[in-house]
Amino acid sequence: MTSKLLYLPIIILFLSLLSCSTEEVSGNGNLNIDLNEVPAPKIIEIEVMERINQYRIERGLNSLGSLDIIRALAYEHTTYMIRVNDVNHDNFYQRKQILEQRANAVIVSENVAYGYNSAESVVNAWLNSEGHRENIEGNYTDFDISAEQDENGKWYFTNIFIKR
6 MTSKLLYLPI
16 IILFLSLLSC
26 STEEVSGNGN
36 LNIDLNEVPA
46 PKIIEIEVME
56 RINQYRIERG
66 LNSLGSLDII
76 RALAYEHTTY
86 MIRVNDVNHD
96 NFYQRKQILE
106 QRANAVIVSE
116 NVAYGYNSAE
126 SVVNAWLNSE
136 GHRENIEGNY
146 TDFDISAEQD
156 ENGKWYFTNI
166 FIKR
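Per this note's numbering, the sequence shown starts with residue 6, numbered consecutively.
Right under this line is the structure:
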């Protein structure tokens, strides 16, 4: 029994590092979002975006701009993950459609994560995962992120990338 418990952190880490692109996940359900209610960026979110842009610049890639519509959709998904207590890509197809329609996105992808305490730790985890790193290094023009804490203080993250 104790040997199975030793693998639990590894399983949780694996599940929290799932990545997503438009080809991998279809949507389910409806989004309940007010795109006019965009939360102000938190320090941890700004730090994640700065770290990702710095990583991109160091590799000769363009830095990415931010868009309120991406932030609003990321926030909606992060609060959804907290509500259902599950790190996932549910409703990705709906987020993609909204970004195609309202932000002229032609490519959309996202990274999600759970349980990291700092911008450095979540970005490093994504960079150490091939699929997440591909999203970070992808041919995108804009991105944004939402980082929210559950009632126990655990952070959930949704980072959405688009190309316009």
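The C-beta atom is built at its ideal place from N, Cα and C for all residues, glycine as well.
On a predicted model such as this, the values are computed, not experimentally measured, just so you know.
- Closest in alpha carbon position to valine 89, among Glu156, Glu55 and Gln102, is Glu156.
- Rounded to whole angstroms, asparagine 133 and valine 43 show a C-alpha spacing of 30 Å.
- Classified as buried, valine 53 has 16 or more neighbouring CB atoms from the shown chains inside 10 Å of its CB.
- If you check the CB distance, alanine 124 and glutamate 55 come in under 9 Å.
- Within the stretch 54-117, complete alpha helix (DSSP H) segments of at least 4 residues are found at 73-89 and 97-108, given in chain order.
- Distance from the CA of glutamine 102 to the CA of valine 111, rounded to the nearest whole angstrom, comes to 10 Å.
- Annotated as distal: serine 68 and arginine 76, with beta-carbon spacing of 9 Å or more.
- When the Cα atoms are used, glycine 143 and alanine 79 turn out to be separated by approximately 18 Å.
- Counting every other CB atom within 10 Å of its CB across the protein chains shown gives glutamate 139 a total below 16, marking it as exposed.
- For aspartate 149 against leucine 72, the beta-carbon gap comes to about 6 Å, under 8 Å, which counts as contact.
- Annotation for lysine 168: Ala110, Val111, Ile112, Asn144, Tyr145 and Thr146 place their beta carbon closer than 7 Å to its own, counting only its chain and skipping 5 residues before and after.
- In this model, isoleucine 51 and arginine 64 are separated by some 20 Å (Cα to Cα).
- In this structure, the straight-line span from the alpha carbon of histidine 82 to that of threonine 163 is close to 7 Å.
- Between isoleucine 74 and the set Tyr121, Ala130 and Arg100, the nearest pair of CA atoms involves Arg100.
- For the pair glycine 158 and alanine 130, the Cα-to-Cα distance works out to about 19 Å.
- Of the residues Tyr121, Gly136 and Glu135, the one whose Cα lies closest to the Cα of isoleucine 49 is Tyr121.
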